[in-house]
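Below: the structure, in structure tokens.
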Amino acid sequence: MYDIIIIGGGPAGLTAAVYARRAEKTALVLEALAAGGQIIKTPLIENYPAAPAISGVDFAEKLLRQAKDLGAEIVYEKAVDIKDGKTFTVVTPKNEYSAKAVIIATGSESRKLGLENEDELIGRGVSYCATCDGGFFRKKTVAVVGGGNTALEDALYLSEVAEKVYLIHRREGFRADETSVARLRAKGNVEFVLNSRVTKLVAEKRLQSIEITDNGGAVRDIPVNGLFVAVGRVPENRNFAKLIKLDEAGYAVAAENCHTERAGVFVAGDNRQKEVRQLVTAAADGAVAATEAVKYINSL
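Next up, the structure:
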């Protein structure tokens with residue numbers, strides 16, 4: 010029996026483990042893949058306070074070592090269910106683990122285009138975060154895919170960095186607010202490519218160009234240095250939908266204190282409802298969720 014089981018070994022989960030152990034609570038972190046989560050795919054982190062230039066891998070390794078040194082236990086197994094009772098039992102394909110409290114910090118994944126070589130080109134021209142990686146494309150040519158607020162915000166941000174920005178959207182109209190659309194149309198270095206989809210990534214080690222197919226079937230090739238995909242995110246909450254409330258997009262419903270409707274179950278990081286999904290907010294969630302979990306356990 011652990012005090013706290015933390016599902017997910019990304020920045021939110023590992024930060025939660027650090028705070029749990031500093032409160033002298035036993036903590037188990039269950040991670041399905043690799044500690045660090047999505048951040049390990051980021052070549053360079055430049056927006057984390059007091060760490061202006063560190064790779065995602067280095068950041069994850071330091072945070073993992075910190076959690077381990079404090080006594081957190083890390084097990085590489087995927088949590089597939091949580092059994093609810095007087096305590097909680099977290100189920101993996103291999104084992105079952107019990108705890109007094111659970112923190113779900115499974116994060117979210119960027120929805121991908123599903124193109125050949127897309128995964129291989131992450132960090133080599135393909136990105137899902139303009140504010141994270143836009144600086145690498147200063148004075149270069151980039152494209153943004155999407156029609157929502159995130160896509161237009163990304164394009165606006167990149168228009169101040171890149172020499173040329175293509176905005177590619179599969180429809181004529183946008184889901185984004187009209188103010189953002191108008192601002193973007195006023196930019197002299199932004200070209201709208203509407204009623205079109207990205208159908209191929211052309212690369213030799215790095216992205217060189219993208220193939221665009223319009224709704225009429227016409228194909229064109231656009232040379233670009235970078236492609237920013239902003240077609241939504243997929244939170245990793247499906248396995249816990251019986252226990253916690255999810256919104257229409259699948260995000261866990263929780264306030265800033267990271268409490269869910271089920272006492273003793275907390276959420277932290279990109280899988281919960283929130284406005285800003287960045288490394289620093291994931292770490293903040295982990296600290297808050299662990300602190301609240303400790304309070305809950307102490308009240309039992």
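Whatever position you read off the sequence shown (first residue = 1), add 9 for the working numbering.
Quick reminder that beta carbons are idealized off the backbone N, C-alpha and C, glycines included.
Next on the checklist: Between threonine 300 and chain C, is the shortest Cβ-Cβ distance under 7 Å, so that the two count as touching?
Outcome noted: Included in the structure is just one protein chain, with no chain C present.
Checklist entry - How many angstroms separate the CA atom of isoleucine 15 from the CA atom of asparagine 280? => result 13 Å
Checklist entry - Do the stretch 57-64 and the stretch 95-106 touch if we need at least three Cβ pairs shorter than 8 Å? => result no
Next on the checklist: Going by DSSP in three states, proline 20 sits in which element: helix, strand or coil?
Outcome noted: helix
Next on the checklist: Can you tell me which residues form a DSSP beta bridge with tyrosine 106?
Outcome noted: Beta-bridge partners assigned by DSSP to tyrosine 106: Val99.
Checklist entry - Mapping DSSP to helix, strand and coil, what is aspartate 223? => result strand
Checklist entry - Candidates Ile49, Ala110 and Met10: which alpha carbon is nearest tyrosine 305's? => result Ala110
Next on the checklist: What ranges does the beta strand (DSSP E) occupy inside the stretch 257-294, keeping only unbroken runs of at least 3 residues that lie completely in it?
Outcome noted: 274-276
Checklist entry - Got a sec? Which residues, its chain only, sit under 6 Å from methionine 10 by beta carbon, not counting five neighbours each side? => result Ser107
Next on the checklist: Does the contact criterion of 3 or more C-beta pairs under 8 Å hold for the stretch 230-244 versus the stretch 151-160?
Outcome noted: Touching, yes, given that three or more Cβ pairs across the two stretches are closer than 8 Å.
Next on the checklist: Tell me the rounded alpha-carbon separation between threonine 300 and serine 136.
Outcome noted: 33 Å
Next on the checklist: Relative to the C-alpha of asparagine 266, which candidate in Leu252, Lys251 and Gly295 has its C-alpha closest?
Outcome noted: Gly295
Checklist entry - How long is the line joining the alpha carbons of valine 154 and valine 207, rounded to whole angstroms? => result Approximately 8 Å between the Cα atoms of the pair.
Item to check | For valine 274, the nearest candidate out of Ile112, Thr101, Val100 and Ala263 (CA to CA) | outcome: Ile112
Checklist entry - Given a threshold of 16 other Cβ atoms within 10 Å of its Cβ, counted over all protein chains shown, does aspartate 230 qualify as buried or as exposed? => result exposed
Next on the checklist: Does the contact criterion of 3 or more C-beta pairs under 8 Å hold for the stretch 118-138 versus the stretch 30-45?
Outcome noted: no
Checklist entry - How about leucine 122 and alanine 139: are their beta carbons less than 7 Å apart? => result Their beta carbons are not under 7 Å apart, which means leucine 122 does not touch alanine 139 by this criterion.
Item to check | Bounding residues of the beta strand (DSSP E) (the contiguous stretch that carries serine 119) | outcome: 117-119
Next on the checklist: Just to confirm the assignment, what range does the alpha helix (DSSP H) spanning lysine 71 have?
Outcome noted: 65-78
Item to check | glutamate 187, DSSP secondary structure in three states | outcome: helix
Item to check | Own chain residues within Cβ distance below 6 Å of threonine 24, not counting five before or after | outcome: Ala292, Gly295 and Ala296
Item to check | Beta-carbon contacts of arginine 147 that lie in its chain and below 6 Å, excluding the five residues immediately before and after | outcome: Only Val170 meet the Cβ criterion.
Checklist entry - Is the distance from the Cβ of alanine 44 to the Cβ of alanine 69 below 7 Å? => result yes
Next on the checklist: Quick check on this structure: which residue in Gly225, Pro20 and Ile63 has the alpha carbon closest to the alpha carbon of leucine 288?
Outcome noted: Pro20
Checklist entry - Three-state secondary structure (DSSP) at lysine 209? => result Of the three classes helix, strand and coil, the one that applies to lysine 209 here is strand, per DSSP.
Item to check | Those residues which DSSP pairs with serine 218 across a bridge | outcome: Val211 and Pro232
Checklist entry - What three-state label does DSSP hand leucine 124 in the structure shown? => result coil
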